[in-house]
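Undergrad:
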């Protein structure tokens with residue numbers, strides 16, 4: 064079956080002034096798995112939301128099996144044969160109900176079902192679905208008692224009970240183990256055989272290698288690459304996803320100072336490969352890698368939010384084992400977290416108060432705050448980082464994303480630290496603010512080691528002296544940021560540089 | 040670069056300033072609307088309710104405001120950290136019963152009763168806090184459970200009877216202790232203030248506590264961090280704040296203030312009355328929520344709470360003096376609360392939604 068089931072052409076969607084999809088065109092053939100890759104903000108989730116009826120497109124066409132497809136709501140999309148399993152598993156299941164009710168929930172909602180539950184019939188039908196899907200659980204069990212993998216499979220099984228013609232899976236393996244993922248892949252293959260078109264969104268190269276028949280790369284709201292010739296060109300797909308054009312920045316690499324932080328034999332997961340890492344004074348190191356490569360885990364381990372499985376950290380020669388952000392800060396390790404809206408911005412506070420939070424002690428004597436010294440520091444920071452605002456008392460949410468991010472950075476620059484961690488400091492930041500932030504970080508680099516966690520390669524090239532690539536929770540490559548060969552880094556990022564060691568349980 | 044051309048920040052400026060000029064009338068309404076309403080209400084009752092504008096009535100208002108206000112300040116502290124304390128009313132009545140029990144049945148002096156009550160309040164706050172931060176019970180449920188527990192517990196020692204001198208205890212003996220005059224003075228003595236015997240001691244308590252809480256929340260770093268927790272708990276934790284400790288502290292403050300209110304109630308009544316104090320919780324919650332609307336704060340704050348308590352006090356006293364039946368009072372109180380909440384959440388939300 065090679066006939067084209069779903070045709071998308073010229074799809075556009077804007078949120079306010081922000082054009083997210085710029086005339087995207089894509090064909091999805093029946094009976095094959097199309098993997099969709101794209102960096103954060105490329106527009107993947109917007110595409111999924113349009114196909115699943117959450118958003119409507121501004122212009123462009125989607126046709127499904129030759130018919131115009133304009134879903135009015137998520138349930139309408141499902142009725143028309145487009146079924147989506149979202150990334151957050153709990154969107155797909157109702158934890159308090161039993162497995163049977165979860166599998167049958169859509170049928171329960173149909174008016175023809177009748178008023179009373181027929182429990183026996185319900186369990187029987189549900190068991191049938193479960194058997195067909197190869198889900199080996201007691202259908203009377205509440206979903207809350209099941210593991211993540213079973214929940215995911217139930218969400219998918221539920222989706223399949225609608226007999227879809229197009230199945231969209233958004234990062235379905237992000238919480239599954241290898242064995243569990245394999246069950247999922249087997250399930251996907253049976254759908255494929257039935258002629259279902261599958262759109263598989265994932266960052267995991269191992270998944271894509273295992274399941275994809277063709278790869279589509281997305282970048283800036285457009286398809287930047289389509290790969291369907293066997294053998295699939297995985298590297299090309301990642302290239303197309305990350306893009307080549309780099310901003311022209313001249314990084315002058317300063318002399319490495321003394322070692323500040325030394326990580327030895329770090330293991331971030333029980334089965335990951337241990338690694339060593341040394342960070343020096345006056346040095347900015349970027350850590351990059353795909354989603355789920357362990358960047359966040361490393362950042363959290365350094366900031367006292369999680370304990371590494373093994374290994375030790377030395378800070379200025381003495382043992383550093385933080386148990387909380389508070390103890391990390393006390394040892395001179397600061398972190399500007401990613402996802403500022405949830406992790407950093409205090410929405411009720413103005414700029415000044417957002418800046419002063421971590422070091423209120425500096426602005427107070429006997430616990431009583433001194434508004435003047437707070438204000439002075441805030442003004443200094445607003446100048447130093449060129450934060451665009453009317454005054455230091457503006458509400459934080461009146462600022463644009465880039466300026467908010469500058470405030471979040473300012474927070475951690477008011478005091479001296481030994482190790483500064485910046486987790487995705489350029490998330491949702493416009494290009495000008497991005498330059499301001501990068502410049503300020505480089506200017507102030509003396510006296511500390513700086514570790515920047517970014518998933519976009521160009522950001523790493525813009526700010527860092529050294530670029531370290533993480534893959535499967537370990538470091539697999541390291542580059543000095545001087546005449547670097549981009550392809551080499553990209554190869555490392557996708558993990559194709561190394562032969563995958565086969566993990567066989569001994 | 041996926042996010043290059045989002046918003047450059049500069050464009051936001053003229054928009055914001057235009058907005059400011061436009062909505063100054065709305066701003067004024069949000070800032071001073073409630074205080075104007077408060078004054079208007081006082082004038083209205085002075086004209087239409089016979090005897091409202093007199094010293095006797097003022098004393099009455101002050102008395103009721105003191106109790107509600109102190110409780111409401113406790114609720115305010117828990118609201119600041121994004122929590123809620125439903126147990127305050129029952130902590131207050133438990134403190135009242137405990138004070139009476141210590142003095143009347145155990146025949147101890149006032150000091151012992153006061154220490155016992157304060158300790159109890161702090162302990163209940165600690166348990167509430169631990170239930171919430173350690174055992175992850177949602178705040179409303181934890182404090183609701185505590186409320187039921189205390190309502191029952193305070194009746195056990197006397198088998199459900201009120202405590203007063205000469206009462207017969209469950210074991211057949213008679214309680215011979217009396218309320219310490221010093222303790223009674225705490226609820227009954229009035230200072231001369233312009234007029235003779237105008238200012239009851241509980242009001243002094245309220246003013247002192249309100250000022251202390253105001254100073255704590257507005258001018259110390261601890262207060263600042265508590266507001267940060269209430270606005271974004273994760274962000275506060277990630278800046279190194281010990282969120283759990285501050286939350287427990289908030290509930291302990293709430294418990295201690297509730298026990299003070301309970302002691303004042305006991306001192307005013309001169310007995311441990313099992314039936315009194317039923318309206319304390321609702322009045323206090325109303326006062327602290329009305330406080331959101333005062334001066335357009337749109338957040339829990341000590342000054343607003345005190346004004347809210349005054350508002351509720353004036354409203355109830357005025358209605359009483361206009362001979363409104365008691366059951367209409369609850370209705371009007373509820374209506375005022377709903378209006379204040381609309382004020383806070385709808386209007387001020389419109390003000391801050393500048394983007």
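Chains as they are written, first to last, in our numbering: chain S, 64 to 569; chain H, 40 to 394.
Don't be surprised by glycine CBs; every beta carbon is placed ideally from N, CA and C.
Which of helix, strand or coil does DSSP assign to residue 285 of chain S?
TA: Here residue 285 of chain S corresponds to residue number 222 of the first chain, with the count starting at 1. Note: residue 285 of chain S maps to strand in three-state DSSP.
Undergrad: When DSSP labels each residue in this structure, what does residue 460 of chain S get in the three-state scheme?
TA: Here the question's residue 460 of chain S lines up with position 397 in the first chain. Helix at residue 460 of chain S.
Undergrad: Is the beta carbon of residue 297 of chain H sitting closer than 8 Å to the one on residue 160 of chain H?
TA: Looking up residue 297 of chain H in the second chain gives position 258. Looking up residue 160 of chain H in the second chain gives position 121. Yes.
Undergrad: Quick one, are the C-beta atoms of residue 320 of chain H and residue 127 of chain H less than 8 Å apart?
TA: What you label residue 320 of chain H is simply residue 281 of the second chain in a count that begins at 1. What you label residue 127 of chain H is simply residue 88 of the second chain in a count that begins at 1. Yes; because the gap between Cβ atoms is below 8 Å, this pair is in contact.
Undergrad: Taking the alpha-carbon of residue 44 of chain S as reference, which of S:159, S:227 and S:148 has the nearest alpha-carbon?
TA: No answer is possible for residue 44 of chain S: the residues shown for chain S start at 64 and end at 569.
Undergrad: Mind listing which residues of the region 427-458 of chain S have their C-beta closer than 7 Å to chain H's C-betas, in chain order?
TA: 427, 430, 431, 432, 451, 453 and 458
Undergrad: Establish whether the CB of residue 385 of chain H and some CB of chain S are separated by less than 8 Å.
TA: Reading the second chain from its first residue, position 346 is the one you call residue 385 of chain H. Closer than 8 Å to the CB of residue 385 of chain H there is not a single CB belonging to chain S.
Undergrad: Pull up the distance between the alpha-carbon of residue 204 of chain S and that of residue 98 of chain S, whole angstroms please.
TA: Mapped onto the first chain, residue 204 of chain S falls at position 141. Mapped onto the first chain, residue 98 of chain S falls at position 35. Near 34 Å, if we compare the C-alpha coordinates of residue 98 of chain S and residue 204 of chain S.
Undergrad: Rounded to a whole number of angstroms, what is the C-alpha to C-alpha distance between residue 246 of chain H and residue 231 of chain H?
TA: If you number the second chain from 1, residue 246 of chain H lands on position 207. If you number the second chain from 1, residue 231 of chain H lands on position 192. Between residue 246 of chain H and residue 231 of chain H, the alpha-carbon positions lie close to 16 Å from each other.
Undergrad: Going straight from the alpha carbon of residue 356 of chain S to that of residue 183 of chain H, what length do you get?
TA: Locating residue 356 of chain S in the first chain gives position 293, counting from the first residue. Locating residue 183 of chain H in the second chain gives position 144, counting from the first residue. Looking at the two C-alpha atoms, the distance is approximately 45 Å.
Undergrad: Do you know offhand how far residue 183 of chain S's Cα is from residue 201 of chain S's?
TA: Here residue 183 of chain S corresponds to residue number 120 of the first chain, with the count starting at 1. Here residue 201 of chain S corresponds to residue number 138 of the first chain, with the count starting at 1. Rounded to whole angstroms, residue 183 of chain S to residue 201 of chain S spans 14 Å at the Cα level.
Undergrad: Within 8 Å (strictly less), CB to CB, does residue 61 of chain H reach chain S?
TA: On the second chain, position 22 is the one that residue 61 of chain H refers to. Reliability of the predicted coordinates at residue 61 of chain H is poor, the pLDDT of 48 falling under 50, and the value obtained from them is presented with this limitation in mind. Judged by the 8 Å Cβ criterion, residue 61 of chain H is not in contact with chain S.
Undergrad: Below 8 Å on the Cβ atoms is my guess for residue 278 of chain H versus residue 421 of chain S; work out the distance and round it to an integer in Å.
TA: One-based indexing of the second chain puts residue 278 of chain H at position 239. One-based indexing of the first chain puts residue 421 of chain S at position 358. Yes, residue 278 of chain H and residue 421 of chain S are in contact; Cβ-Cβ is about 4 Å, under 8 Å.
Undergrad: Tell me residue 318 of chain H's beta-bridge partners as DSSP assigns them.
TA: For the purposes of this step, residue 318 of chain H is identified with residue 279 of the second chain, where counting begins at 1. In DSSP, residue 318 of chain H forms no bridge with anything.
Undergrad: Should residue 117 of chain H be counted as a contact of the ligand ADP given a C-beta to heavy atom distance under 7 Å?
TA: Ligands are entirely absent from the displayed structure, and the ligand ADP is therefore not among its contents.
Undergrad: With distances taken from CA atoms, which of S:502, S:342, S:478 and S:224 is nearest residue 146 of chain S?
TA: What you label residue 146 of chain S is simply residue 83 of the first chain in a count that begins at 1. Looking at the Cα atoms, S:224 is the closest of the given residues.
Undergrad: Taking the alpha-carbon positions, what's the residue 126 of chain S to residue 167 of chain H distance?
TA: For this step, residue 126 of chain S is matched to residue 63 along the first chain. For this step, residue 167 of chain H is matched to residue 128 along the second chain. About 58 Å.
Undergrad: According to DSSP, simplified to helix, strand and coil, what is residue 530 of chain S?
TA: Indexing the first chain from 1 puts residue 530 of chain S at position 467. Residue state, collapsed to three classes: strand.
Undergrad: For residue 67 of chain S, does the three-state DSSP call read helix, strand or coil?
TA: Counting from 1 along the first chain, the entry for residue 67 of chain S is found at position 4. DSSP, read as helix, strand or coil, puts residue 67 of chain S in strand.
Undergrad: Which same chain residues, not among the five before or five after residue 118 of chain S, have their C-beta less than 6 Å away from its C-beta?
TA: For the purposes of this step, residue 118 of chain S is taken as residue 55 along the first chain, with counting starting at 1. The residues are 112.
Undergrad: Quick one: is residue 332 of chain H buried, meaning 16 or more other Cβ sit within 10 Å of its Cβ, or exposed?
TA: Taking the second chain and counting its residues from 1, the one referred to as residue 332 of chain H is at position 293. Residue 332 of chain H comes out buried.
Undergrad: Touch check for the region 69-84 of chain H and the region 338-358 of chain H: three-plus C-beta pairs under 8 Å?
TA: yes
Undergrad: Which ranges would you report for the beta strand (DSSP E) in the region 358-401 of chain S if only whole runs of at least 3 residues count?
TA: Correct list: 373-378 and 396-399.
Undergrad: How would you list, in chain order, the residues of chain H whose beta-carbon sits under 7 Å from the beta-carbon of residue 370 of chain S?
TA: Here residue 370 of chain S corresponds to residue number 307 of the first chain, with the count starting at 1. For residue 370 of chain S, no chain H residue has a C-beta closer than 7 Å to its own C-beta; the minimum C-beta separation is roughly 17 Å.
Undergrad: Would you verify that the beta carbon of residue 112 of chain S is, or is not, closer than 8 Å to some beta carbon of chain H?
TA: For the purposes of this step, residue 112 of chain S is taken as residue 49 along the first chain, with counting starting at 1. Chain H, which has no Cβ nearer than 8 Å to the Cβ of residue 112 of chain S, makes this no.
Undergrad: Taking DSSP as the reference, what is the three-state secondary structure of residue 298 of chain H?
TA: Position 259 of the second chain, counted from the first residue, corresponds to residue 298 of chain H. It is helical.
Undergrad: Within 8 Å, do at least three Cβ pairs link the region 401-413 of chain S to the region 263-280 of chain H?
TA: Verdict: yes, contact present.
Undergrad: How long is the line joining the alpha carbons of residue 86 of chain S and residue 122 of chain S, rounded to whole angstroms?
TA: What you label residue 86 of chain S is simply residue 23 of the first chain in a count that begins at 1. What you label residue 122 of chain S is simply residue 59 of the first chain in a count that begins at 1. Roughly 8 Å separates the two Cα atoms.
Undergrad: Considering only the beta carbon of each residue, do residue 438 of chain S and residue 323 of chain S sit closer than 8 Å?
TA: For the purposes of this step, residue 438 of chain S is taken as the residue at position 375 of the first chain. For the purposes of this step, residue 323 of chain S is taken as the residue at position 260 of the first chain. Between residue 438 of chain S and residue 323 of chain S, the C-beta spacing is not below 8 Å.
Undergrad: Measure the alpha-carbon distance for residue 159 of chain S versus residue 236 of chain S and round it to whole angstroms.
TA: Along the first chain, read from residue 1 onward, the residue named residue 159 of chain S stands at position 96. Along the first chain, read from residue 1 onward, the residue named residue 236 of chain S stands at position 173. C-alpha separation (whole angstroms): 23 Å.
Undergrad: Should residue 186 of chain H and residue 129 of chain H be called a contact, given that it needs their Cβ atoms to be closer than 8 Å?
TA: Here residue 186 of chain H is taken as the residue at index 147 of the second chain, counted from 1. Here residue 129 of chain H is taken as the residue at index 90 of the second chain, counted from 1. Yes, the Cβ-Cβ distance between residue 186 of chain H and residue 129 of chain H is below 8 Å.
Undergrad: Mind reading off the beta-carbon distance from residue 260 of chain H to residue 139 of chain H? Whole number of angstroms is fine, and I expect it under 8 Å.
TA: By one-based count along the second chain, residue 260 of chain H stands at place 221. By one-based count along the second chain, residue 139 of chain H stands at place 100. That pair is no contact at about 40 Å.
Undergrad: Grouping DSSP H, G and I as helix and E and B as strand, with all else coil, what is residue 131 of chain H?
TA: For this step, residue 131 of chain H is matched to residue 92 along the second chain. Helix, per DSSP.
Undergrad: Is residue 389 of chain S close to chain H, meaning its C-beta is less than 8 Å from at least one C-beta of that chain?
TA: For the purposes of this step, residue 389 of chain S is taken as the residue at position 326 of the first chain. Yes, residue 389 of chain S lies at the interface with chain H (some Cβ there is under 8 Å from its Cβ).
Undergrad: On the three-state DSSP scale, how would you describe residue 78 of chain S?
TA: Taking the first chain and counting its residues from 1, the one referred to as residue 78 of chain S is at position 15. Residue state, collapsed to three classes: strand.
Undergrad: So what's residue 290 of chain S in DSSP terms, helix, strand or just coil?
TA: Residue mapping note: residue 290 of chain S aligns to position 227 of the first chain, counting from 1. Strand at residue 290 of chain S.
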